[in-house]
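Counting from 0, one number per residue, gives the positions in the sequence shown under numbering that gives the first Met the number 0.
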Amino acid sequence: MEWLGALIILSVTTWAGFDIAARYKKRPGHIRQWKNALQMIEAEMVFGQSSLWEVCENLSLHLPDPIGKFFKSITEEKEYCSDFSERWTSHLKKHWSMNALTKSEWEILTQFGRTLGQHDLEQQQKQIQLTLHHLDRELNEALEVCEQYQRMARGMGVLSGLLVIILII
0 MEWLGALIIL SVTTWAGFDI AARYKKRPGH IRQWKNALQM IEAEMVFGQS SLWEVCENLS
60 LHLPDPIGKF FKSITEEKEY CSDFSERWTS HLKKHWSMNA LTKSEWEILT QFGRTLGQHD
120 LEQQQKQIQL TLHHLDRELN EALEVCEQYQ RMARGMGVLS GLLVIILII
């Protein structure tokens, strides 16, 4: 029975370590997807002269999950929307747990959502470029952190399980 308990403890802590490592690995990919979404927003708004609703509908069809789901949820029940920035923030909050992003990306995307649709095309394009610049900085940081902490998280999962087993026995 002791060995079964030890095996369960080791399995759970190892799984937790690998789960944390997977979040570190997914973060750069999710940042890249948001950058692609912003570039598509810029192209649709500037060159296609599309409305925000049309842009969000197109993005929901062309982007992978979880970002595609975010844009799909924004377009649902659009006739009841009076403030797009509020809608952006509330849906970002609702879908945030599906992302592997950090608080700094949250702040960048929330700030972008506050400006989305509030300015003329030229100012909107500048806001998109500024947001892309911030996401570039976060992407570089995420790539460095990924390499450094991914292996450490896996190792800490296994080692913490072994420590708990040793302390119990």
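Ideal placement from N, C-alpha and C gives every residue a C-beta, glycine not left out. Quantities reported herein were computed from a predicted structural model and do not represent experimental measurements.
- Do L100 and R26 have their C-beta atoms within less than 8 Å of each other? Residue 100 sits at position 101 when you count from the first residue of the sequence shown. Residue 26 sits at position 27 when you count from the first residue of the sequence shown. In this structure, R26 lies closer than 8 Å to L100 by Cβ.
- Item | Minimum length 4: unbroken alpha helix (DSSP H) runs contained in the stretch 22-86 | 51-61, 66-74
- Do H118 and Q128 have their CB atoms nearer than 8 Å? To locate residue 118, count along the sequence shown from 1; it is residue 119. To locate residue 128, count along the sequence shown from 1; it is residue 129. No. Outside cutoff.
- For I168, the three-state DSSP class (helix, strand or coil): Position 169 of the sequence shown holds residue 168. Reduced to three states, the DSSP call for I168 is coil.
- Query: Based on Cα-Cα distance, which residue from L37, T12, A15 lies nearest to S59?
  - Reply: If you number the sequence shown from 1, residue 59 lands on position 60. Checking every option, the nearest Cα to that of S59 belongs to L37.
- Check the C-beta distance from T109 over to T88 and give it rounded, since I have them as a contact under 8 Å. Taking the sequence shown and counting its residues from 1, one reaches residue 109 at position 110. Taking the sequence shown and counting its residues from 1, one reaches residue 88 at position 89. Between T88 and T109 the Cβ distance is about 6 Å, and since that is below 8 Å, they are a contact.
- Message: Assuming contact is defined by CB atoms lying nearer than 8 Å, are E137 and S103 in contact in what I supplied?
- Response: For the purposes of this step, residue 137 is taken as the residue at position 138 of the sequence shown. For the purposes of this step, residue 103 is taken as the residue at position 104 of the sequence shown. Going by C-beta atoms, E137 is nearer than 8 Å to S103.
- Item | Boundaries (first-last residue) of the alpha helix (DSSP H) holding Q117 | Here the question's residue 117 lines up with position 118 in the sequence shown. In the DSSP assignment, Q117 falls outside any alpha helix (DSSP H) and carries neither an H nor an E.
- Item | Residues of its chain near K71, where Cβ-Cβ distance is below 7 Å and the 5 sequence neighbours each way are ignored | Locating residue 71 in the sequence shown gives position 72, counting from the first residue. Excluding positions up to five away in sequence, the list reads S59.
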